[in-house]
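When we follow my numbering, the leftmost residue of the sequence shown carries the number 96, and every step to the right adds one.
Backbone N, C-alpha and C define an ideal beta-carbon position, used for all residues, glycine too.
This report refers to the structure that appears directly beneath it.
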Amino acid sequence: MLHEKLSSIYDNVLHRNPGETEFHQAVREVLESIGPVLGKHPEYAESKIIERICEPERQIIFRVPWEDDRGEVHINRGFRVEFNSALGPYKGGLRFHPSVYLGIVKFLGFEQIFKNSLTGLPIGGGKGGSDFDPKGRSQREIMRFCQSFMTELYRHIGEYTDVPAGDIGVGGREVGYLFGQYKRITNRYESGVITGKGLSYGGAQVRTEATGYGCAFFVDEMLKARGTSFDGKRVVVSGSGNVAVYTIEKIQQLGGVVVACSDSSGYVVDDAGIDLDLLKQVKEVERLRVDVYAKRRGGDASFVPGRSVWEVPCEVAMPSATQNEVTGRDAEMLVRGGCIAVGEGANMPTMPEGIRVFQEAGVAFGPGKAANAGGVATSALEMQQNASRDSWSFEFSERRLQEIMRDIHARCLATADEYGMPGNYVAGANIDGFRRVADAMLALGLI
Ligand code: GLU
Numbered sequence: 096m097l098h099e100k101l102s103s104i105y106d107n108v109l110h111r112n113p114g115e116t117e118f119h120q121a122v123r124e125v126l127e128s129i130g131p132v133l134g135k136h137p138e139y140a141e142s143k144i145i146e147r148i149c150e151p152e153r154q155i156i157f158r159v160p161w162e163d164d165r166g167e168v169h170i171n172r173g174f175r176v177e178f179n180s181a182l183g184p185y186k187g188g189l190r191f192h193p194s195v196y197l198g199i200v201k202f203l204g205f206e207q208i209f210k211n212s213l214t215g216l217p218i219g220g221g222k223g224g225s226d227f228d229p230k231g232r233s234q235r236e237i238m239r240f241c242q243s244f245m246t247e248l249y250r251h252i253g254e255y256t257d258v259p260a261g262d263i264g265v266g267g268r269e270v271g272y273l274f275g276q277y278k279r280i281t282n283r284y285e286s287g288v289i290t291g292k293g294l295s296y297g298g299a300q301v302r303t304e305a306t307g308y309g310c311a312f313f314v315d316e317m318l319k320a321r322g323t324s325f326d327g328k329r330v331v332v333s334g335s336g337n338v339a340v341y342t343i344e345k346i347q348q349l350g351g352v353v354v355a356c357s358d359s360s361g362y363v364v365d366d367a368g369i370d371l372d373l374l375k376q377v378k379e380v381e382r383l384r385v386d387v388y389a390k391r392r393g394g395d396a397s398f399v400p401g402r403s404v405w406e407v408p409c410e411v412a413m414p415s416a417t418q419n420e421v422t423g424r425d426a427e428m429l430v431r432g433g434c435i436a437v438g439e440g441a442n443m444p445t446m447p448e449g450i451r452v453f454q455e456a457g458v459a460f461g462p463g464k465a466a467n468a469g470g471v472a473t474s475a476l477e478m479q480q481n482a483s484r485d486s487w488s489f490e491f492s493e494r495r496l497q498e499i500m501r502d503i504h505a506r507c508l509a510t511a512d513e514y515g516m517p518g519n520y521v522a523g524a525n526i527d528g529f530r531r532v533a534d535a536m537l538a539l540g541l542i
């Protein structure tokens with residue numbers, strides 16, 4: 096339920112941003128948590144901090160024309176929403192997926208403000224992308240698209256202004272083409288203008304692994320706080336992209352048994368535990384679907400087309416595919432199957448009814464803002480290395496990531512306690528992330 100003042104702010108958000116359902120959902124979830132903060136801090140309401148936070152500082156929408164291999168011209172739409180720069184330059188990834196429209200970019204940008212704040216590092220919130228569908232496109236088509244996208248984006252970004260990175264559909268290859276075009280247009284080797292770069296041209300160790308590893312570290316902390324661990328636990332990870340693959344890798348290192356993963360065609364269940372080398376070969380190298388994994392793996396591994404991976408019973412669930420992939424019914428199924436912990440590797444993968452089901456059942460629920468913050472935190476470490484023209488070892492970078500995830504976990508718990516909601520990581524993350532941004536906005540005056 097929303098407290099009266101927040102309810103009128105929310106109505107105004109609905110009115111000003113018609114049809115942007117994912118953005119509405121992301122705003123509502125934060126507003127539901129911060130009622131008690133306004134009681135303690137009347138200065139936030141007096142200065143209209145919440146109304147200001149809900150309105151992006153700047154929104155850029157542009158045309159992206161490009162030519163396919165047959166010479167046909169295509170027109171896509173590009174977006175960059177520069178949401179909040181109270182804590183640092185706008186920071187957040189680019190998503191290339193046919194579902195991308197302004198409402199998706201705004202939901203992601205809004206989440207990013209609080210996530211980035213939670214890392215404790217000096218980064219503001221932003222997000223971008225395009226409705227371009229990379230599926231089935233050749234390497235040269237991807238390169239031409241990235242070059243066209245950057246030909247407009249370059250004038251809006253910069254090391255001290257706005258620093259993009261990857262998200263769904265944008266990995267190391269795309270970041271390389273984007274950075275190459277930026278460098279070519281500006282004639283500047285400005286490494287800190289984008290993160291997720293390759294190791295040979297200014298990228299950081301552990302950035303590729305960071306979102307997945309960070310999410311596994313976060314859940315490890317939640318399990319430890321309940322006196323248990325990953326050791327021997329049955330785990331289901333949805334998705335099979337960058338986040339899912341490195342979540343599986345770290346969980347296996349921590350002793351968990353990942354028995355299923357998925358993509359948009361269905362899921363594979365493999366009770367002996369996912370063979371990660373094979374999964375990487377199929378998904379990362381050959382860019383094929385998960386049914387190929389099941390065929391090559393043989394034995395007890397099987398592919399189940401078109402169904403929800405959440406029907407596979409597990410003790411820990413790691414939704415790592417996309418928004419709204421866990422419904423209320425999925426959550427009920429998971430709870431019935433013995434699930435005790437959930438770590439969101441994707442952004443907003445659990446629908447509001449699902450969150451309610453988990454919390455009422457006493458499941459340790461780590462929201463994406465906290466659990467998947469390791470990716471962007473390591474991007475901030477990449478910016479730090481670029482600024483000092485340094486590069487850190489894998490071991491040191493992973494240690495830093497683990498410390499950051501432990502710290503986020505501890506602050507979420509402490510904040511939830513402070514506000515009388517022990518164990519509520521959603522409230523802890525939203526309140527702690529919000530307070531830091533709000534205080535900076537107050538300190539900076541009317542921005
Ligand atoms: N797209 C990632 C996220 O959702 C990473 C963003 C970044 O590294 O800037 O946090």
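Should residue i and residue j be called a contact, given that it needs their Cβ atoms to be closer than 8 Å?
i           : j           : result
residue 441 : residue 417 : yes
residue 214 : residue 472 : yes
residue 207 : residue 183 : no
residue 198 : residue 117 : yes
residue 87  : residue 364 : Because residue 87 is not part of the residues shown, which for the chain are 96 to 542, the question remains open.
residue 447 : residue 115 : no
residue 459 : residue 435 : yes
residue 368 : residue 398 : no
residue 429 : residue 405 : yes
residue 309 : residue 423 : no
residue 345 : residue 320 : no
residue 335 : residue 378 : yes
residue 132 : residue 530 : yes
residue 403 : residue 425 : yes
residue 243 : residue 160 : yes
For residue i and residue j, which I take to be in contact (beta-carbon distance under 8 Å), what is that distance rounded to the nearest angstrom?
i           : j           : result
residue 264 : residue 190 : 6 Å
residue 105 : residue 126 : 6 Å
residue 487 : residue 497 : That belief does not hold up - the Cβ atoms of residue 487 and residue 497 are roughly 14 Å apart, past 8 Å.
residue 313 : residue 504 : 6 Å
residue 300 : residue 489 : 4 Å
residue 527 : residue 510 : 4 Å
residue 276 : residue 246 : 7 Å
residue 330 : residue 351 : 5 Å
residue 209 : residue 227 : Contact flag wrong, Cβ pair sits at about 28 Å.
residue 128 : residue 522 : 5 Å
residue 514 : residue 462 : Residue 514 to residue 462, Cβ: 15 Å. No contact.
Residue i: which of the options sits nearest, CA to CA?
i           : options               : result
residue 439 : 184, 118 and 315      : 315
residue 162 : 235, 117 and 206      : 235
residue 97  : 122, 135, 443 and 490 : 122
residue 327 : 409, 537, 372 and 451 : 409
residue 396 : 523, 432 and 355      : 355
residue 147 : 107, 519 and 431      : 107
residue 219 : 194, 532 and 540      : 532
residue 205 : 540, 525, 542 and 539 : 525
residue 366 : 393, 433 and 120      : 393
residue 237 : 164, 216, 260 and 262 : 164
residue 500 : 229, 451, 260 and 216 : 216
residue 542 : 120, 103, 101 and 149 : 149
Measure the alpha-carbon distance for residue i versus residue j and round it to whole angstroms.
i           : j           : result
residue 322 : residue 457 : 15 Å
residue 333 : residue 342 : 10 Å
residue 464 : residue 517 : 18 Å
residue 145 : residue 295 : 42 Å
residue 376 : residue 130 : 48 Å
residue 258 : residue 282 : 18 Å
residue 358 : residue 110 : 35 Å
residue 391 : residue 372 : 12 Å
residue 291 : residue 273 : 11 Å
residue 420 : residue 444 : 5 Å
residue 137 : residue 99  : 14 Å
residue 483 : residue 185 : 20 Å
residue 340 : residue 415 : 9 Å
residue 324 : residue 318 : 5 Å
residue 547 : residue 142 : Nothing can be reported for residue 547, as the shown portion of the chain is limited to 96 through 542.
residue 349 : residue 413 : 15 Å
residue 225 : residue 171 : 7 Å
residue 437 : residue 168 : 44 Å
residue 231 : residue 380 : 14 Å
residue 200 : residue 474 : 19 Å
residue 135 : residue 512 : 15 Å
residue 249 : residue 347 : 40 Å
residue 229 : residue 540 : 42 Å
Relative to the ligand MN, is the shortest distance from any of its heavy atoms to the C-beta of residue i smaller than 7 Å?
i           : result
residue 260 : Only the ligand GLU can be found as ligands here, which leaves the ligand MN out of the picture.
Taking only beta-carbon positions, decide if residue i is within less than 8 Å of chain D.
i           : result
residue 361 : Of the chains in the structure shown, none is chain D; there is only one protein chain.
TODO: Could you tell me whether the region 147 to 162 touches the region 176 to 191, using the rule of 3 or more Cβ pairs below 8 Å?
DONE: yes
Task: At least 3 beta-carbon pairs within less than 8 Å: the region 253 to 262 vs the region 282 to 293 - done: yes
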